[in-house]
Every structure is written in C-alpha cells, then in structure tokens.
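One structure is given here, and the rest of the page talks about it.
Numbering (full-length UniProt numbering), first residue to last: 1 to 424.
Now the structure itself:
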C-alpha cells in the first residue's frame, strides 16, 4: 500500500497542482490585457452638481451661524502611473498560498481523524504535501523579490468639491402675522439656513388636515425665503415660501371644554373660556379644571377676583378682564386685558391666531343673559365663537361652536362694555 501511494498518488497530485497554476496564469494574462485595453479608451469627464451641507465647511470657511455653503461636486477621471510587480508572478504566488492553505486544512482534518481512531503515528504523506506547498510559496516570494518593478497606467475616479458661493440669511422673528395654510409636498426643515441642516417632516399631513399655522420667523437671502411655522403651541420648523398659501378664512385650532359636563360649574364661564383659549397656544394642563377654577382669587370686587361661588347657579359669580388676565399670566405670560376694543381690532387678533375671551350673551342671541365666550374664527364677515355652556346631550339644539354676524356681534359686545382678554 505504501509503495502504491508513493509511486502513483503523490505524482498525480503534483501534476494537478502544476496544471492548475499554468491555467490560472493564462487567464490572468488575458484579464490584464483586456483591462489595459479598456483603460486606453479614455472616457470624457462626467460632472455632477449637487448641494451639500457639510459640518466641516463652517470651520473651514469661518462662517457665521446664519450662513451655509453652496458647493459643487465634480466627478472626473484621470490617468495615474503606479509601480507594481508582474501580474503573472503575483497571480502564481496568490494561487500557491491558496493551495498551501487547502493542504494545511486537509492535514488538520486527517490528524483529528487519526487521533479519534487511536492511530497516533503521523501521516507522512500529508506532511510531505504541506512541505512541498511551502517550498513553492517561498520560491515564488524569492523570485518576486528579485524581479524589478513594472510601471502601469490606469484611469481612476475622483471627486473634487468646489465652493460656489456662501449665502447669508437675514433671520428675524415675526410677530402679529396672519394665519396661513400650507400646500402639500413641501419639506419642513429644522434650520434651512445653517450647515448640516436636517429634514424635520413634510407638509402633507398639515395640508391634508387644513391646519391653521402661525408664522413666527423669517429667514431671507437674495433669492431664498423660509418661514418658521407654529400651531397649537408647537413649532414645526421652516418651510419654503412657495409652501405658504394665504388664508381666506381663519379658524384657530383649540380644544373645546364644557362647564357643565363632566364638571358642573354654571357660573364659571370666564374660567372655562380662558381654559379653552390657553389650549390654542399649546398649554398642557397638569391640573384639573376644578383646580384651575378653584385657584382663581375670590373678592367682592370683580376687578380682583370671583365675586361668588362659580359652582352655584344663580349666584351671579363674575370676574372682570383685568383680574382674569392677571390670573391667566400664571400659565401664559402673553395674556392681556382689553377695554373699549373696536371690532376691527378683534378681527385682526383672530387673523393673527390669537383667541379672544369676551363678554357677550348665551349663544349670542339676545341681551337678556350675561355670558362669557371665546372667539376662535373669522370668515366673510362672520365670527366663530365657542360657548362653554353646553352639555353633550344638547349639542343638536345647542351647538358648542357656532357663527354670528359682525353686526349682531357688535351690538351685543358693545352692550356689555366692549371688554375682552386676548392671548397672543
């Protein structure tokens, strides 16, 4: 058996190794020849222009926070010359290393099998095969070390960034701007005028819900304008000028609350109306409505606090705008009392997204009843108001949110002294 292995199997393996090496060297020569031929067909440079916001630009060009870099990336190809060893030798060395690794793996597997079967004598045939492969690798390494380098040329791709211009935005806050609405399919940015700007969202959902927005900031450059939008006390981000559309009707988003259910407070219309107005500015109540009413000061003077118990119907509990606004500033610093206010002034406040708590009458129908309500909208000469004195069971006949004409509103409003509280 040993004689058969030495005279037939070992020479066969060596012959197969030599043939595979020659075959791979031939394939490598063909591949290198085709690659060099493709390099000779030089392709014209391709230019791609993009806008990038790189955080490194701010430090590199010493920009102000209100500047961003408009860059141009140019992708081009160029020839380079490099030194290397002949492809035939490097390919042969690579194949010899692969064969050495395979032989070593087979030897390890054979040794594990012999230990399992208690055949502790070494496998000399496998050991000779490993030594032969090692000598082949060493011979090729020595040959490559003594072979001079060759010079080759190839075409490589490169990207070069060029600063085209730096644009300075004039950023300023905006107050008393009319309510606007948004067009769909526009981005909402965190800070569009700064480097490494991030995308916050899109205008699709806000446009679908027809959400009324307040403009609170403006960033303007030569040909670029962005607006910062806010609604319900939440700042969404910056939108381009093209995303903003002018409103023809103004409806302030808010949460409706009733003074009759679940909490029954028949004479607390002032407090509940203020509670609804605060909700339009994003006030998140961490207290209950009962606590909100109970914390209002009590006094015999309506300019200082509630004059009676707001939970008892018929006690004529009342509080005037001066005291109500003072209490409201505990929760929002922009609560102001207004006296002898004109109708155009009220309409202007609604157009700017500021709810108005005013003295009127129940359902704005007649002068016989005294009541406090909230103005939350305006459209085509009519005012929209929210009446806190409404039960769920009465919503069919007594709608909590309704409209009144300017003429009728002016008559009832001025009969009550033209007093109001506005939240800006």
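Note that the Cβ used here is the ideal one computed from N, Cα and C, for glycine as well.
Helix, strand or coil at residue 371 according to DSSP, with G and I counted as helix: Here residue 371 corresponds to residue number 371 of the chain shown, with the count starting at 1. Strand at residue 371.
Exposure of residue 205, with buried meaning 16 or more beta-carbon neighbours within 10 Å: On the chain shown, residue 205 is found 205 positions in, with the first residue counted as 1. The residue in question, residue 205, is exposed, as its Cβ has fewer than 16 Cβ neighbours within 10 Å.
Closest Cα partner of residue 373 within the set 258, 329, 381: Here the question's residue 373 lines up with position 373 in the chain shown. Across the set 258, 329, 381, the C-alpha of 258 shows the shortest separation from the C-alpha of residue 373.
CA-to-CA distance, residue 203 to residue 261, given in whole angstroms: Sequence index remark: in the chain shown, residue 261 carries index 261 (1-based). Sequence index remark: in the chain shown, residue 203 carries index 203 (1-based). Cα-Cα distance, rounded: 36 Å.
Environment of residue 313 [buried if 16+ CB atoms lie within 10 Å]: On the chain shown, position 313 is the one that residue 313 refers to. Classification for residue 313: exposed.
One or two residues paired with residue 182 in a DSSP bridge: Counting from 1 along the chain shown, the entry for residue 182 is found at position 182. Answer is 244, bridged to residue 182.
Run of the alpha helix (DSSP H) containing residue 263, from where it starts to where it stops: On the chain shown, position 263 is the one that residue 263 refers to. Counting along the chain, no alpha helix (DSSP H) covers residue 263, and no H or E run does either.
Environment of residue 212 [buried if 16+ CB atoms lie within 10 Å]: The residue labelled residue 212 in the question sits at position 212 within the chain shown. Looking at its Cβ environment, which holds 16 or more other Cβ atoms inside 10 Å, residue 212 is buried.
Candidates 224, 256, 346, 109: closest to residue 239 by CA position: The count along the chain shown starts at 1 and reaches residue 239 at position 239. Restricting attention to 224, 256, 346, 109, the CA atom closest to the CA of residue 239 is found in 224.
For residue 352: DSSP bridge partner residues: Taking the first residue of the chain shown as position 1, residue 352 is located at position 352. Residue 352 is not bridged to any residue.
Status (buried if at least 16 other CB within 10 Å, exposed otherwise) for residue 214: For the purposes of this step, residue 214 is identified with residue 214 of the chain shown, where counting begins at 1. So residue 214 counts as buried.
Residues near residue 303 by beta carbon distance below 6 Å, same chain, minus five either side: Counting from 1 along the chain shown, the entry for residue 303 is found at position 303. Contacts found: 320, 322, 323.
DSSP state of residue 327 mapped onto helix, strand, coil: Taking the first residue of the chain shown as position 1, residue 327 is located at position 327. Helix at residue 327.
Cβ-Cβ separation, residue 412 to residue 364 (assumed contact under 8 Å), whole Å: In the chain shown, the residue the question calls residue 364 occupies position 364. In the chain shown, the residue the question calls residue 412 occupies position 412. So it is a contact: roughly 6 Å between Cβ atoms.
Residue range of the unbroken beta strand (DSSP E) whose run includes residue 338: Position 338 of the chain shown, counting from 1, holds the residue named residue 338. Segment 335-339, the beta strand (DSSP E) holding residue 338.
Closest by C-alpha distance to residue 103, when choosing among 88, 123, 87: One-based indexing of the chain shown puts residue 103 at position 103. When each option's Cα is compared against that of residue 103, the closest is 123.
DSSP three-state assignment for residue 173, whether helix, strand or coil: Looking up residue 173 in the chain shown gives position 173. Strand.
Cutoff 7 Å: residue 416 Cβ touching any chain D Cβ: Among the chains of the structure shown, chain D does not appear; only one protein chain is present.
Segment limits, alpha helix (DSSP H) that includes residue 132: The residue labelled residue 132 in the question sits at position 132 within the chain shown. Where residue 132 is concerned, the enclosing alpha helix (DSSP H) stretches over 124-145.
6 Å CB neighbourhood of residue 306 in its chain, flanking five on each side removed: As a first step, residue 306 must be located in the chain shown, where it is residue number 306. Cβ neighbours of residue 306 beyond the five flanking positions: 296, 298, 317, 319.
Minimum C-alpha distance to residue 339 - residue among 291, 420, 300, 290: In the chain shown, the residue the question calls residue 339 occupies position 339. With distances taken between Cα atoms, residue 339 lies closest to 420.
C-beta atoms of residue 293 and residue 310 nearer than 7 Å: In the chain shown, the residue the question calls residue 293 occupies position 293. In the chain shown, the residue the question calls residue 310 occupies position 310. Cβ atoms of residue 293 and residue 310: closer than 7 Å.
Run of the alpha helix (DSSP H) containing residue 413, from where it starts to where it stops: Here residue 413 corresponds to residue number 413 of the chain shown, with the count starting at 1. For residue 413, the enclosing alpha helix (DSSP H) stretches over residues 406-415.
Between the CA atoms of residue 189 and residue 410 - distance to the nearest angstrom: Position 410 of the chain shown holds residue 410. Position 189 of the chain shown holds residue 189. When rounded, the distance between both Cα atoms is 42 Å.
Buried/exposed call for residue 149, threshold 16 Cβ in 10 Å: The sequence position of residue 149 within the chain shown is 149, counting from 1. The residue in question, residue 149, is exposed, as its Cβ has fewer than 16 Cβ neighbours within 10 Å.
Distance CB(residue 180)-CB(residue 247) smaller than 7 Å: Sequence index remark: in the chain shown, residue 180 carries index 180 (1-based). Sequence index remark: in the chain shown, residue 247 carries index 247 (1-based). Yes.
Environment of residue 16 [buried if 16+ CB atoms lie within 10 Å]: Your numbering for residue 16 matches position 16 in the chain shown. By the 10 Å Cβ count, residue 16 comes out exposed.
8 Å CB neighbourhood of residue 249 in its chain, flanking five on each side removed: Here residue 249 refers to the residue found at position 249 of the chain shown. Cβ neighbours of residue 249 beyond the five flanking positions: 377, 378, 379, 380.
Pair within 7 Å by beta-carbon distance, residue 280 and residue 252: Working through the chain shown from its first residue, we reach residue 280 at position 280. Working through the chain shown from its first residue, we reach residue 252 at position 252. Note that the C-beta distance between residue 280 and residue 252 is below 7 Å.
Three-state secondary structure assigned by DSSP to residue 382: Stepping through the chain shown from its first residue, residue 382 is reached at position 382. DSSP places residue 382 within a strand segment (E or B) once states are collapsed to three.
Residue closest to residue 383, alpha-carbon to alpha-carbon, out of 390, 367, 174, 345: Start at 1 with the first residue of the chain shown, and residue 383 comes out as number 383. Closest option to residue 383, Cα to Cα, is 345.
Beta-carbon contacts of residue 199 that lie in its chain and below 8 Å, excluding the five residues immediately before and after: By one-based count along the chain shown, residue 199 stands at place 199. Counting only Cβ-Cβ distances below 8 Å, and skipping sequence neighbours, we find 187, 188, 189, 190.
Cα-Cα separation between residue 422 and residue 210, rounded to whole angstroms: What you label residue 422 is simply residue 422 of the chain shown in a count that begins at 1. What you label residue 210 is simply residue 210 of the chain shown in a count that begins at 1. About 24 Å.
DSSP state of residue 16 mapped onto helix, strand, coil: Residue numbering aside, residue 16 sits at position 16 when the chain shown is read from its first letter. Helix.
Contacts around residue 328, its chain only, beta-carbon distance under 6 Å, and the 5 residues preceding and following it disregarded: In the chain shown, counting from the first residue as 1, residue 328 sits at position 328. Same-chain partners within the cutoff: 274, 335.
Residue interval of the beta strand (DSSP E) (run including residue 420): One-based indexing of the chain shown puts residue 420 at position 420. Annotation for residue 420: the continuous beta strand (DSSP E) segment containing it runs 419-423.
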